[in-house]
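Q:
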Amino acid sequence: LGCNLQDNRANLHPLWKGEIDVPGGSRQSPINIRIRDSVFHPQLAPVHTQYDPNTCLHIWNNGYSFFVEFDDSTDKSIVSGGPLENPFRLKQFHFHWGRNNDWGSEHTVDSRVFPAELHLVHWNCSKYRTFEEAIMEPNGLAVIGVFLKIGKQHEKLQKLVDILPSVRYKDALTEFNYFDASCLLPSCVDYWTYSGSLTTPPLTESVTWIIMKKPIEVDHSQLAVFRSLLFTAVGEEEKYMVDNFRPLQPIMNRTVHSSFE
Ligand SMILES: CC[C@H](C)CCC(=O)Nc1ccc(S(N)(=O)=O)cc1
Ligand SMILES: [Zn+2]
Numbered sequence: 003l004g005c006n007l008q009d010n011r012a013n014l015h016p017l018w019k020g021e022i023d024v025p026g027g028s029r030q031s032p033i034n035i036r037i038r039d040s041v042f043h044p045q046l047a048p049v050h051t052q053y054d055p056n057t058c059l060h061i062w063n064n065g066y067s068f069f070v071e072f073d074d075s076t077d078k079s080i081v082s083g084g085p086l087e088n089p090f091r092l093k094q095f096h097f098h099w100g101r102n103n104d105w106g107s108e109h110t111v112d113s114r115v116f117p118a119e120l121h122l123v124h125w126n127c128s129k130y131r132t133f134e135e136a137i138m139e140p141n142g143l144a145v146i147g148v149f150l151k152i153g154k155q156h157e158k159l160q161k162l163v164d165i166l167p168s169v170r171y172k173d174a175l176t177e178f179n180y181f182d183a184s185c186l187l188p189s190c191v192d193y194w195t196y197s198g199s200l201t202t203p204p205l206t207e208s209v210t211w212i213i214m215k216k217p218i219e220v221d222h223s224q225l226a227v228f229r230s231l232l233f234t235a236v237g238e239e240e241k242y243m244v245d246n247f248r249p250l251q252p253i254m255n256r257t258v259h260s261s262f263e
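Numbered per the numbering used here, the sequence shown spans residues 3 to 263.
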C-alpha cells in the first residue's frame, strides 16, 4: 500500500506541473524489473523487426524528447513475434536521458539505472486504423526499450547526433531520411515483457513493453549532444532538455515475463 499512499507532493515532476500518478492507474510505466521475480516463458519467441530505412521521415523536438518519425502508412517497417499476436507498425523512436551519466533511463533492472533509454514505438495496425486510435486501447502499442550505456562510440547513431543541433528548440522539425532503426538494437535477442503505459501524457495504459536485456553502447560525447537540446521554444528562457524520464511506478499485481532463463 505504501507505493500508492505516496505523498502526492513527492510526485510533482519538474517537467510536468501536474501529478505523475494516474489516479486509478493499475498498469503504469516505467517499473523496476526485479530479475528474480521475472517468470521465464519458453513460448516467448525472439522479437523480429523488419525496418525499411526509406520509411524514415523527419526528426522533431516535441518539448519532451526528440522523435524520429516514420511513414506508417504501409507495413514496410514492422515488429512481430515475441509477445505480439500480430505485426505492429513502427511510428517513431525517441530517447530519455539524464543531466549526467549517473541516471537517465526510465526502467531499471534490479534498481540499476542506465544513463539513457531508447524507445521504439509501434502500433497495432491489425486492430486499429491509426496510431492515435491505438494509443487509447489496452493492446494498442508495443514499445521496445533499449538501455544505453557509456562505452565506445555508436557509429550509426552519429548520423542522428550530427543533425540534432537543427532541432535544438521545441517544435523544430528537420527532414531526416534513410535511417535503419534496427542498428539501434543490441545483438542479444533476450528481453523482458510486461503490460504498461505511455510514460508521458496521455499516460494511457496501452503498451506491451519489450525491454531488451543487453544495453547498446554510446560514447559520452554522443550523449552530451542530447543534453544540448532544449525543452523550450525559440524566444523562451532556455531550459536544457535533461532528466526527461518519469519516476518509477508501482508494479501493482503485474508479472514481468522473460524470454530467457
Ligand atoms: C495525443 C497523443 C499523441 C498523438 C501521442 C504522441 C506520442 O507518441 N506519445 C508517446 C509515445 C511514446 C511514449 S513512451 N515514452 O514510449 O511511453 C510516450 C508518449
Ligand atoms: Zn519513451
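Yeah, the Cβ is synthetic: ideal placement off N, Cα and C, and Gly gets one too.
Using a Cβ-Cβ cutoff of less than 6 Å, which residues in the same chain neighbour residue 19 once the five nearest sequence positions on both sides are dropped?
A: Locating residue 19 in the sequence shown gives position 17, where the first residue counts as 1. Low per-residue confidence applies at residue 19: pLDDT is 46, beneath 50, and the placement is therefore not dependable enough to give any value.
Q: For residue 110, which residues does DSSP report across the bridge?
A: Sequence index remark: in the sequence shown, residue 110 carries index 108 (1-based). According to DSSP, residue 110 bridges with 34.
Q: Over what stretch of residues does the alpha helix (DSSP H) that includes residue 115 continue unbroken?
A: The residue labelled residue 115 in the question sits at position 113 within the sequence shown. Element bounds for residue 115: n/a, residue is neither H nor E.
Q: What residue range is occupied by the uninterrupted alpha helix (DSSP H) comprising residue 228?
A: Within the sequence shown, residue 228 is the residue found at index 226, counting from 1. Counting along the chain, the alpha helix (DSSP H) containing residue 228 begins and ends at 222 to 228.
Q: Helix, strand or coil: which one does DSSP assign to residue 178?
A: Locating residue 178 in the sequence shown gives position 176, counting from the first residue. If DSSP states are grouped into helix, strand and coil, residue 178 belongs with coil.
Q: Since residue 261 and residue 29 should fall inside the 8 Å C-beta cutoff, what is the C-beta to C-beta distance between them, to a whole number of angstroms?
A: In the sequence shown, residue 261 corresponds to position 259, counting from 1. In the sequence shown, residue 29 corresponds to position 27, counting from 1. About 20 Å separates the two Cβ atoms, so there is no contact after all.
Q: Drop a sphere of 10 angstroms on the beta-carbon of residue 254, count the other beta-carbons inside from all chains shown, and report buried for 16 or more, exposed for fewer.
A: Start at 1 with the first residue of the sequence shown, and residue 254 comes out as number 252. Label assigned to residue 254: exposed.
Q: List the DSSP bridge partners of residue 28.
A: Working through the sequence shown from its first residue, we reach residue 28 at position 26. Looking at the DSSP assignment, residue 28 forms no beta bridge with any residue, so it has no partner.
Q: Looking only at C-alpha atoms, which of 137, 124, 115 and 47 sits nearest to residue 35?
A: Stepping through the sequence shown from its first residue, residue 35 is reached at position 33. That would be 115, whose Cα lies nearest to the Cα of residue 35.
Q: When you compare only the Cα positions, how much space is there between residue 149 and residue 57?
A: On the sequence shown, position 147 is the one that residue 149 refers to. On the sequence shown, position 55 is the one that residue 57 refers to. Roughly 24 Å separates the two Cα atoms.
Q: According to DSSP, residue 144 sits in a beta bridge with which residue or residues?
A: Counting from 1 along the sequence shown, the entry for residue 144 is found at position 142. Note: residue 144 sits in a beta bridge opposite 124 and 210.
Q: Would the beta-carbon of residue 213 be found less than 8 Å away from any heavy atom of ligand 1?
A: Locating residue 213 in the sequence shown gives position 211, where the first residue counts as 1. Every heavy atom of ligand 1 is 8 Å or more from the Cβ of residue 213, so no.
Q: Please name the residue or residues paired with residue 150 in a DSSP beta bridge.
A: In the sequence shown, counting from the first residue as 1, residue 150 sits at position 148. Its beta-bridge partners are 118 and 218.
Q: Quick one: what does DSSP say residue 161 is sitting in, helix, strand or coil?
A: Stepping through the sequence shown from its first residue, residue 161 is reached at position 159. Three-state result, residue 161: helix.
Q: Which residue comes first and which comes last in the alpha helix (DSSP H) that contains residue 133?
A: Working through the sequence shown from its first residue, we reach residue 133 at position 131. Segment 133 to 136, the alpha helix (DSSP H) holding residue 133.
Q: To which residues of the same chain is residue 138 closer than 7 Å at the C-beta, ignoring the five residues directly before and after it?
A: Position 136 of the sequence shown, counted from the start, is the residue given in the question as residue 138. Result list for residue 138: 206 and 208, in chain order.
Q: Please tell me whether, using a cut-off of 8 Å, the distance from the CB of residue 200 to the nearest non-hydrogen atom of ligand 1 is below it.
A: The sequence position of residue 200 within the sequence shown is 198, counting from 1. Yes - ligand 1 has a heavy atom lying nearer than 8 Å to the Cβ of residue 200.
Q: Is the CB-CB distance between residue 98 and residue 108 below 9 Å?
A: As a first step, residue 98 must be located in the sequence shown, where it is residue number 96. As a first step, residue 108 must be located in the sequence shown, where it is residue number 106. Yes, these two residues count as a Cβ contact at 9 Å.
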